[in-house]
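*Asks:* The sequence shown: position 197 = 235 (the numbering used here), numbered continuously.
Positions of the beta carbon are idealized from the N, C-alpha and C atoms, including for glycine.
Have a look at the structure that comes next, please.
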Amino acid sequence: MSLRNQLCALFLLATFTAITVHPVHAADLNNLVLIQKKFAASIRPQFEAYSRELSELEKTIAGQSDNTGLTEVRNEIQRVDVQLKSLTALANYQPVVNPAVAPEPEKTPAPVLTKTIEKAHQPTTHVNNTKGFAGAPKFSKNNIYSFNLPETGKQSNLTFYATGRRSVETEGLVWLIGPDGKKEKVTKWKAKDFKSSATEIKSYEKLDPITEDISDLVAEPGQYKVEFEWTGGIDPLVIFRVELTS
39 MSLRNQLCAL FLLATFTAIT VHPVHAADLN NLVLIQKKFA ASIRPQFEAY
89 SRELSELEKT IAGQSDNTGL TEVRNEIQRV DVQLKSLTAL ANYQPVVNPA
139 VAPEPEKTPA PVLTKTIEKA HQPTTHVNNT KGFAGAPKFS KNNIYSFNLP
189 ETGKQSNLTF YATGRRSVET EGLVWLIGPD GKKEKVTKWK AKDFKSSATE
239 IKSYEKLDPI TEDISDLVAE PGQYKVEFEW TGGIDPLVIF RVELTS
C-alpha cells in the first residue's frame, strides 16, 4: 500500500471515527452503521497484508544491520497496528443513539374521595299535655306519661311543668322507666320548687319548668315512661305538661 493510499485511508478512518463518537438521530443510524461496516471490511485486508509485508521487511533489514531503516519500519508497524485496532473498533462499533424521550404518561384525574358525612342528629322534643295528678294512691290520676322514641341522641332531658294543687306544699319523686322495664329515679320535687299553686294557674306557660339531664338513662330507642310519685305534703302535685327531649 502506497503512502498516499495509507494517508487517504487514515483520513477516512479519522472522519468516521469522529462521527461515531457523537450521538446520532435514530433515522440516520442504520445507514451509518452499514457504511461503517463496509468501510472497515474493504480496507482492513489491505492493512493486514501491509502489516505482514512490514514484518517480513523488518526481518530482512534486521539482518543487514541498517539501524535507520529498521527504526522507520518498526515505527510504521506501530502505526499500522494502531490503524488495524481502529478499524476493528469501527467495525464492531454500535452508535450511541439519543435516548427517546418517553412521552409523559397520560394524567388520570385523581379520584374524588367523597366522605359520607353523617347527618347530625337533631334533638326532638316529645310533648305530653295531659293534665295529671300525683297524690295519695286514691287521688293519683294520669301520673304516668309514655313517650315512644324512634331514635335517641347523646343529650337527653326531661322537663315538666307542675305545682301543688291548692298550695305549694307538696313533695315527691320522679321516675324514668326504660324499654327494658328498669325504673330509675330522676329527681324529686319539693315545695321550694314552686311559686304559685294550681288554682292560680291556667296555663303551663305561667310555671317555671323543672329540667333534669337524663342522658345516662336514655341509651336506646323505645318506649320510656315518666312516673310522678307523691311522697308527702299537704297537696298532691298537679302536672300540666311533660317533655322528653333526645
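(1) Taking Glu-222 as the reference, give the member of Lys-228, Leu-214 and Ala-229 with the closest Cα.
(2) Rank Phe-185, Ala-87, Thr-249 and Glu-207 by C-alpha distance to the C-alpha of Thr-225 and give the top, closest one.
(3) On the CB-based measure, 16 or more other CB atoms within 10 Å of its CB, does Arg-117 come out buried or exposed?
(4) Comparing alpha-carbon positions, which option in Ser-178, Leu-196 and Asn-180 lies nearest Thr-162?
(5) Tell me whether Ala-172 is buried or exposed, calling it buried when 16 or more other Cβ atoms sit within 10 Å of its Cβ.
(6) Exposed or buried, what is Ile-277 when buried is set at 16 or more other beta-carbons lying within 10 Å of its beta-carbon?
(7) Say whether the region 179-189 touches the region 250-269, bearing in mind that this needs 3 or more beta-carbon pairs closer than 8 angstroms, one atom from each stretch.
(8) Gly-271 to Ala-158, Cα distance in whole Å?
(9) Check each candidate in Leu-122, Arg-112, Ser-103 and Asn-113 and name the one with the smallest Cα separation from Ala-87.
(10) Expressed to the nearest angstrom, what Euclidean distance is found between the alpha-carbon atoms of Ser-253 and Lys-176?
(11) Quick one: grab the DSSP three-state call for Ser-89.
(12) Within this structure, are the beta carbons of Tyr-183 and Val-256 separated by less than 8 angstroms?
(13) Report yes if the CB atom of Arg-112 is closer than 8 angstroms to the CB atom of Glu-96, and no otherwise.
(14) Would you tell me roughly how many angstroms separate the C-alpha atoms of Thr-109 and Thr-126, rounded to the nearest one?
(15) Can you check whether the CB of Ala-236 is closer than 8 angstroms to the CB of Gly-202?
(16) DSSP has Ala-200 in a bridge; who is on the other side?
(17) Should Leu-245 go down as buried or exposed, given a rule of 16 or more other Cβ atoms within 10 Å for buried?
(18) Determine the extent of the alpha helix (DSSP H) in which Ile-115 is found, giving its start and end residues.
(19) Span of the beta strand (DSSP E) holding Glu-207?
(20) Assign Leu-275 to one of two classes, buried (16 or more other C-beta atoms within 10 Å of its C-beta) or exposed (fewer than that).
*Replies:* Taking the structure as given:
(1) Residue numbering aside, residue 222 sits at position 184 when the sequence shown is read from its first letter. The shortest Cα separation from Glu-222 among Lys-228, Leu-214 and Ala-229 belongs to Leu-214.
(2) On the sequence shown, residue 225 is found 187 positions in, with the first residue counted as 1. With distances taken between Cα atoms, Thr-225 lies closest to Thr-249.
(3) The residue you call residue 117 lines up with position 79 of the sequence shown. Classification of Arg-117: exposed, given that the 10 Å Cβ count is below 16.
(4) Translated into positions along the sequence shown, residue 162 becomes position 124. Nearest of Ser-178, Leu-196 and Asn-180 to Thr-162, Cα basis: Leu-196.
(5) Stepping through the sequence shown from its first residue, residue 172 is reached at position 134. It counts as buried.
(6) For the purposes of this step, residue 277 is identified with residue 239 of the sequence shown, where counting begins at 1. Buried, by the Cβ-count rule.
(7) yes
(8) For the purposes of this step, residue 271 is taken as residue 233 along the sequence shown, with counting starting at 1. For the purposes of this step, residue 158 is taken as residue 120 along the sequence shown, with counting starting at 1. Their Cα atoms are separated by approximately 44 angstroms.
(9) For the purposes of this step, residue 87 is taken as the residue at position 49 of the sequence shown. Out of Leu-122, Arg-112, Ser-103 and Asn-113, Leu-122 has the C-alpha closest to the C-alpha of Ala-87.
(10) Along the sequence shown, one-based indexing puts residue 253 at 215. Along the sequence shown, one-based indexing puts residue 176 at 138. Their Cα atoms are separated by approximately 33 angstroms.
(11) Residue 89 sits at position 51 when you count from the first residue of the sequence shown. Of the three classes helix, strand and coil, the one that applies to Ser-89 here is helix, per DSSP.
(12) As a first step, residue 183 must be located in the sequence shown, where it is residue number 145. As a first step, residue 256 must be located in the sequence shown, where it is residue number 218. Not in contact: Tyr-183 and Val-256 (Cβ atoms no closer than 8 angstroms).
(13) For the purposes of this step, residue 112 is taken as residue 74 along the sequence shown, with counting starting at 1. For the purposes of this step, residue 96 is taken as residue 58 along the sequence shown, with counting starting at 1. Yes, these two residues count as a Cβ contact at 8 angstroms.
(14) Position 71 of the sequence shown holds residue 109. Position 88 of the sequence shown holds residue 126. Straight-line Cα distance between these residues: approximately 26 angstroms.
(15) Residue 202 sits at position 164 when you count from the first residue of the sequence shown. Residue 236 sits at position 198 when you count from the first residue of the sequence shown. Yes. Within cutoff.
(16) By 1-based counting over the sequence shown, the position of residue 200 is 162. DSSP, once it has assigned bridges, lists Ile-277 as partnering Ala-200.
(17) For the purposes of this step, residue 245 is identified with residue 207 of the sequence shown, where counting begins at 1. By the neighbour-count rule (16 or more Cβ atoms within 10 Å), Leu-245 is buried.
(18) For the purposes of this step, residue 115 is taken as the residue at position 77 of the sequence shown. First-last of the alpha helix (DSSP H) with Ile-115: 105-130.
(19) To locate residue 207, count along the sequence shown from 1; it is residue 169. Here Glu-207 belongs to no beta strand (DSSP E), and DSSP marks it neither H nor E.
(20) The residue labelled residue 275 in the question sits at position 237 within the sequence shown. Result: buried.
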